[in-house]
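Residue numbers (my numbering), protein chains in the order written: chain A, 1433 to 1521; chain B, 333 to 415.
No residue lacks a Cβ here, since even glycine has one placed at the ideal position from N, Cα and C.
Worksheet: one structure, shown below.
See below:
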């Protein structure tokens, strides 16, 4: 069964709509911890939409970008978490 | 394709929201988080424009390096912005 690329684009548009709520949490979050969790959710959503778009464009190279992104976005969250814990102070 | 154009517009609007949040916050740590979100969405936009190598560079610099350097700088200086 071959899925049309249009379906993947619609799924990616839905992901982009969900990103809006994550950005809302980054904007409204009372504490920095809420904002870190919002940023991590946004990371995961962007990686997922990159994989879906890689299927839509029908190119294997695009999935590698998503893998590298999933590895690197972890580092930023780790740094903020260590700062909040007080280890870096 | 109309769906692709809608996706472009949505991602660009989200980039503008993230950048506005990064300017608006007085707490500099929150500002760095909003900047990381904006650069993440810029990488997604490069990806949509079919430039995966530029997206990899943006991911490496924006997500990992910039956040780490800004947090080291905040650690050495003040966390709250002065009026």
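Worksheet item: Counting only beta-carbon atoms, is residue 376 of chain B nearer than 7 Å to chain A?
Response: yes
Worksheet item: Listed in chain order, which residues of the segment 1467-1484 of chain A have Cβ atoms closer than 9 Å to some Cβ of chain B?
Response: 1467, 1468, 1470, 1471, 1474, 1475, 1478, 1481, 1482
Discussion item. So, for residue 1435 of chain A: in the same chain, excluding its five sequence neighbours on each side, which residues have a beta-carbon less than 7 Å away from its beta-carbon?
Written reply: none
Worksheet entry | Residue from A:1510, A:1456, A:1512, A:1487 with nearest C-alpha to residue 1437 of chain A | Distances from the CA of residue 1437 of chain A to each of A:1510, A:1456, A:1512, A:1487 were compared; the closest alpha carbon is that of A:1487.
Worksheet item: Going along chain A, which residues have a C-beta under 7 Å from residue 362 of chain B?
Response: 1464, 1467
Item to complete: Consult DSSP for residue 359 of chain B and reduce its assignment to one of helix, strand or coil.
Response: strand
Fill in: Nearest-angstrom beta carbon gap, residue 1510 of chain A and residue 1464 of chain A [assumed within contact, 8 Å]
That pair is no contact at about 15 Å.
Practice prompt. Give the residues of chain B in contact with residue 1500 of chain A, contact being defined as C-beta atoms less than 7 Å apart.
Written response: 388, 391
Worksheet item: Below 7 Å between beta carbons: does that hold for residue 1484 of chain A and residue 1443 of chain A?
Response: In contact: residue 1484 of chain A and residue 1443 of chain A (Cβ atoms closer than 7 Å).
Worksheet item: Can residue 369 of chain B and residue 1456 of chain A be called in contact, C-beta distance under 7 Å?
Response: no
Fill in: Sequence-distant residues of its chain with Cβ nearer than 7 Å to residue 350 of chain B (five each side left out)
366, 369, 370, 373
Worksheet item: chain B partners of residue 1444 of chain A, CB-CB under 7 Å?
Response: 339
Discussion item. Taking 7 Å as the threshold (C-beta atoms), are residue 413 of chain B and residue 360 of chain B in contact?
Written reply: In contact: residue 360 of chain B and residue 413 of chain B (Cβ atoms closer than 7 Å).
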